[in-house]
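Okay, structure first, notes after.
There are 2 protein chains.
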Amino acid sequence: MDTGSNRRRNLEGEVAKLVTIKLVSFDVYMALIDIQGSLTPVTAAALDLDTEAADEFVRLWRAKQMERAAASNSLGLGRTLFRDCTRMGLDYVLARHGIDLPDDQRRELVSAWDAIRPWPEAIELVGEVKNRGYVTAILSNGDHDMLAALAKPFGDKMDHILSAESAGVYKPHPAVYDLPETELKIAKADVLHVAGSGNDVMGAIATGMRCYWSNRNGDRVIDTTYVPTGEGADLTGVLELL
Amino acid sequence: MDTGSNRRRNLEGEVAKLVTIKLVSFDVYMALIDIQGSLTPVTAAALDLDTEAADEFVRLWRAKQMERAAASNSLGLGRTLFRDCTRMGLDYVLARHGIDLPDDQRRELVSAWDAIRPWPEAIELVGEVKNRGYVTAILSNGDHDMLAALAKPFGDKMDHILSAESAGVYKPHPAVYDLPETELKIAKADVLHVAGSGNDVMGAIATGMRCYWSNRNGDRVIDTTYVPTGEGADLTGVLELL
Chain A
34 MDTGSNRRRN LEGEVAKLVT IKLVSFDVYM ALIDIQGSLT PVTAAALDLD
84 TEAADEFVRL WRAKQMERAA ASNSLGLGRT LFRDCTRMGL DYVLARHGID
134 LPDDQRRELV SAWDAIRPWP EAIELVGEVK NRGYVTAILS NGDHDMLAAL
184 AKPFGDKMDH ILSAESAGVY KPHPAVYDLP ETELKIAKAD VLHVAGSGND
234 VMGAIATGMR CYWSNRNGDR VIDTTYVPTG EGADLTGVLE LL
Chain B
34 MDTGSNRRRN LEGEVAKLVT IKLVSFDVYM ALIDIQGSLT PVTAAALDLD
84 TEAADEFVRL WRAKQMERAA ASNSLGLGRT LFRDCTRMGL DYVLARHGID
134 LPDDQRRELV SAWDAIRPWP EAIELVGEVK NRGYVTAILS NGDHDMLAAL
184 AKPFGDKMDH ILSAESAGVY KPHPAVYDLP ETELKIAKAD VLHVAGSGND
234 VMGAIATGMR CYWSNRNGDR VIDTTYVPTG EGADLTGVLE LL
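Chain order of the listed sequences is A and B. At position 77 of the first sequence (counting the first as 1) the number is 110 in the working numbering, and the numbers step up by one without a gap. At position 164 of the second sequence (counting the first as 1) the number is 197 in the working numbering, and the numbers step up by one without a gap.
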């Protein structure tokens, strides 16, 4: 037994596994776009809050939006639209703050979720992934129309939009991670998913995908049995796995 | 058409519906017991934190425990034990605080969840419900052994323990609210559930139960289409529905 040679073969096996990647799928709301940076000034202006208060407001809004989406998976009554989860989250935080806002201003704030800006390196990174010959896709909890709006700044660098709306459930439900297979006929083994949160890492890894975690806040997966394939403080680390 | 008489008949119908209550089921972790009040001093002592820091610590611990439980429903890989969700939540918060704690001390802190004290009025309230002739039960996300420990202070005032462990999922999944029917042969229409959180209200009302919300923190259901049958700042309001 030549241990050195075995080790090399194992390493070659690892590399062979990695080179089967055909599709790089991207989470949107955490991985590709900057919720806090985009919505904090909008919220501050609309509600006359200082930056710190607006930042807190957006954080709770996001938490409640996601809590309602998680409840949608559990209740078994079909998928509540993400726009409705977003609206309910807003109504919740407004009520907690004792702010009474007319319906049209609430609609405007919900629409601000369609104009969240990509992280500084996001558009170039997606372009580079595409230049290297991979298929690119958004794979996100957002509704189709919300994702279509968010995909615009990426132009033809983004090949496909895969919405949890098609799966009828939210991440980390496996049906969402099935979308590359059901919609693009690309097997999970050929996908590298770029996650923006520990929840997304858990879902992707549990379903058998490889997963890079763009972990901007130095967060940690709650359940450490789900280990991301790669991890970094922004999106650029994706390229090291390609 | 005698509108007055119709109105009276409707009212009698409402009353008739209410008097069919046979079982009063109680959520534990928010409705019956005081997580923050019980765990804050234990955590402060174990980790040498001041009360404010310990209070924050327990809040995040609880949030991550529940996040992992919600993920368990979505992942579709069976129910992760609630004790394991609790342990993962603790590990998460310790890591975020940069605290390295030996395994036996982590186990001790997780065990502290078996000794959380009832709210001041809880034992007497459950006793009064039972005195009035209703069947009483715990209906909770906790594992069987965790709930058995928490039920002890209630003695023979608590007739049954219904654990989400039997349902294989967590609230607000309807299978948990089916437990009175599957385990006690008591129909949902004959149950008044006492919820401790908006999530629990949503699940109980969605499944067709009546539901009283012991809403100690003046919280609000995220999705206001789910309206509790009754609501108050502590458990005593339950009696008004009986």
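The C-beta atom is built at its ideal place from N, Cα and C for all residues, glycine as well. Every value quoted in this text rests on a predicted model; they were computed, and no experiment measured them.
In chain A, which residues lie with their C-beta within 8 Å of the C-beta of residue i?
i: B:H206; result: S107, L108 and G109
i: B:Y125; result: R253 and I255
i: B:R129; result: R253
i: B:N20; result: In the structure as shown, chain B begins at 34 and stops at 275. Residue 20 of chain B is therefore absent and cannot be evaluated.
Which stretch, first to last residue, makes up the alpha helix (DSSP H) that contains residue i?
i: A:H226; result: It is not in any alpha helix (DSSP H) - A:H226 instead sits in the beta strand (DSSP E) that spans V224 to A228.
i: B:E216; result: L212 to L217
i: B:W94; result: T84 to L108
i: B:E273; result: Per DSSP, B:E273 belongs to no alpha helix (DSSP H) and is neither H nor E.
i: A:L114; result: First-last for A:L114: undefined, no H or E at that position.
i: A:A181; result: H177 to A184
i: B:R140; result: D136 to S144
Please list the partners that residue i has in chain B, where partner means a Cβ-to-Cβ separation under 7 Å.
i: A:N361; result: Since the first residue shown for chain A is 34 and the last is 275, residue 361 of chain A is missing from the structure and cannot be characterised.
i: A:E100; result: I255
Can you give the beta carbon distance from residue i to residue j, rounded, assuming they're within the 8 Å contact cut?
i: B:Y259; j: B:T240; result: Not quite, the Cβ-Cβ distance comes to about 10 Å (not below 8 Å), so this is no contact.
i: A:L172; j: A:L268; result: No, A:L172 and A:L268 are not in contact; Cβ-Cβ is about 15 Å, not under 8 Å.
i: B:I54; j: B:D223; result: 6 Å
i: A:L212; j: A:L274; result: 20 Å between Cβ atoms; not a contact.
i: A:S58; j: A:L142; result: So it is not a contact: roughly 29 Å between Cβ atoms.
i: B:R150; j: B:I66; result: 6 Å
i: B:V202; j: B:V271; result: The Cβ separation is near 26 Å, so there is no contact.
i: A:A79; j: A:Q138; result: 6 Å
i: B:N248; j: B:A266; result: 7 Å
i: B:M191; j: B:T169; result: 5 Å
Taking residue i as the query, report the chain B residues whose CB atoms sit under 9 Å from its CB, ordered along the chain.
i: A:G122; result: I255
i: A:N250; result: Going along chain B, no residue has its Cβ under 9 Å from A:N250, so there is no contact; the nearest lies around 10 Å.
Following the continuous beta strand (DSSP E) through residue i, name the residue where it begins and the one where it ends.
i: B:I156; result: No beta strand (DSSP E) contains B:I156, which is instead part of the alpha helix (DSSP H) from A155 to N164.
i: B:A170; result: V168 to S173
i: B:G265; result: G263 to G265
Per DSSP, residue i is paired with what?
i: A:L195; result: A:L172
i: A:V57; result: A:T169 and A:L225
i: B:P151; result: B:I66
i: B:R243; result: B:L225
Name the chain B residues whose beta carbon is nearer than 8 Å to that of residue i?
i: A:M235; result: A104 and L108
i: A:K97; result: I255
Any heavy atom of the ligand FAD closer than 6 Å to the beta-carbon of residue i?
i: B:R253; result: Ligands in the displayed structure: none, and consequently the ligand FAD is not present.
Indicate whether at least one CB of chain D lies closer than 7 Å to the CB of residue i.
i: B:A239; result: Among the protein chains of the structure shown, namely A and B, there is no chain D.
Legend entry - Given 8 Å, three or more beta-carbon pairs between the segment 68-78 of chain B and the segment 169-183 of chain B: no
Legend entry - Inter-stretch contact (C-beta, 8 Å, three-pair minimum) for the segment 198-213 of chain A and the segment 141-152 of chain A: no
Legend entry - Meets three-Cβ-pair contact criterion under 8 Å: the segment 255-270 of chain A and the segment 179-188 of chain B: no
Inset, instruction - Flag this pair as touching only if the segment 228-238 of chain A and the segment 248-258 of chain A have three or more C-beta atom pairs under 8 Å; answer yes or no. - result: yes
Legend entry - the segment 87-99 of chain A in contact with the segment 122-138 of chain A per 3-pair CB rule at 8 Å: yes
Inset, instruction - Please determine if the segment 54-73 of chain A and the segment 102-110 of chain A are in contact, where contact requires at least 3 C-beta pairs separated by less than 8 Å. - result: no
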